[in-house]
Amino acid sequence: DAHDLFTRTFNPAFFQRDSTVQSRQRQMASQVLSEFAQKHNSPRLATLAYKVKLDAFERVKKAIDDMVAQLLQEKEAEIKHKDFCVDEFNTNQLQTEKKEREKEDLIAKIEDLEMTIKELEEAITTLKSEIAEMQVQMKRAGEDREKQNKEFQMTVADQRETQKLLQAALKVLKDFYDKQGAFVQKKQEPAGPPPPAGFEAYKKSGASGGVMSLLQQIISDAKAMEAEAIRSEEDAQKAYEDFVKETNASVEAKSKDIVNKSEEKAVAEGDLVQAKEAKEGVMLELEQLSNYNAELHQSCDFVLKNFDLRQTARDEEVEALRQAKAILSGAKFEEFLQG
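Everything in the sequence shown is counted per my numbering, starting at 461 for the first residue and increasing by one.
What follows is the structure in structure tokens.
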């Protein structure tokens, strides 16, 4: 564009070194700046193009130098801003992904802890129910054992009383039959020939032996019943004691299990509180990261989208300023055109 402008306006064949040189230099520099200002819609170059026509050369050159310096600073600042935006977007993404993983891990941990607490609560409830049932069974067994023992005491007492009474009756009968036999033998005289041997003893045993034998049998049966009742009582007592011992051991084991599970539940509940608090913290951090991401988009989207275009336009703007300054400094047009 500048080359065409020079060719159209400043043909070396018509160039004259006279008082009109500065005027033409102003005009050319102004046109270079004006064309760039129109092409890139740059108000500051349009203003400078106007000043070139009016202000002294040195002031214009200084204005150009200041503007070039400002443009280079803006370029450097925009590069830093772009680098900042890229780094911050990358950092924000990495942090967000990390926090999302933490959130998912905490959600899974919370679900696992809640399930663990529920299972422990159910286990504790079951253990308490089992202990209560065992205590009921032990109470019933104690009541049954007490009832059996009372029956045993009555049975033994009855059998012993029976034995005592029958022993007394047997003694009375024995004494009676002994006296009766002696009386009969003394009073009765034999008639005719003496009876065969053993006949008289048989008569006596016929009268007394049956009753006394029956009583003796009853006494023996009573003793056997007493002995059987004692054995049964001993077996029942041992079985009851074994049952109580086993039940108490089971109650103790289940009670310890309840304590252990209660401690596990307390730990799990503490972990659950911490996990929920940690989750809330992560959710807050994710919200902050999201808000910062939105701020980055507001600050960076335009710069990142238009970076190359703006950098190119700014370089062209600097080049236009340098060309204008070169013209004002009296550069030979042939050199300028070749450059």
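The C-beta atom is built at its ideal place from N, Cα and C for all residues, glycine as well.
For the pair residue 630 and residue 690, the Cα-to-Cα distance works out to about 25 Å.
In the three-state DSSP reduction, residue 490 falls in the helix class (H, G or I). Spatial neighbours of residue 532 in its own chain (CB-CB distance under 6 Å, excluding positions within 5 residues in sequence) are not present. Of the candidates 764, 783, 723 and 748, the residue whose Cα lies closest to the Cα of residue 576 is 723. Distances from the CA of residue 772 to each of 524, 499, 489 and 490 were compared; the closest alpha carbon is that of 499.
A distance of 9 Å or more separates the beta carbons of residue 672 and residue 700. In terms of CA proximity to residue 501, 776 leads the group 786, 776 and 783. Cα atoms of residue 537 and residue 782: separation of roughly 21 Å, rounded to the nearest angstrom.
Here the region 758-766 does not lie against the region 592-603, with fewer than 3 beta-carbon pairs under 8 Å apart. Measuring C-alpha to C-alpha distances from residue 564 to each of 717, 735 and 681 identifies 735 as the nearest. Under the three-state reduction of DSSP output, residue 790 falls in the coil class, being neither helix nor strand.
Taking residue 750 as reference, the option from 556, 547, 488 and 570 with the minimal CA-CA separation is 556. Counting C-beta atoms within 10 angstroms of its own C-beta, residue 485 has 16 or more neighbours from the protein chains shown and is therefore classed as buried. Pairing residue 584 with residue 574, the inter-Cα distance amounts to about 15 Å.
When the alpha-carbon of residue 524 is set against those of 603, 507 and 535, the nearest one is in 507.
A Cβ-Cβ separation of about 6 Å places residue 626 in contact with residue 678 under the 8 Å criterion.
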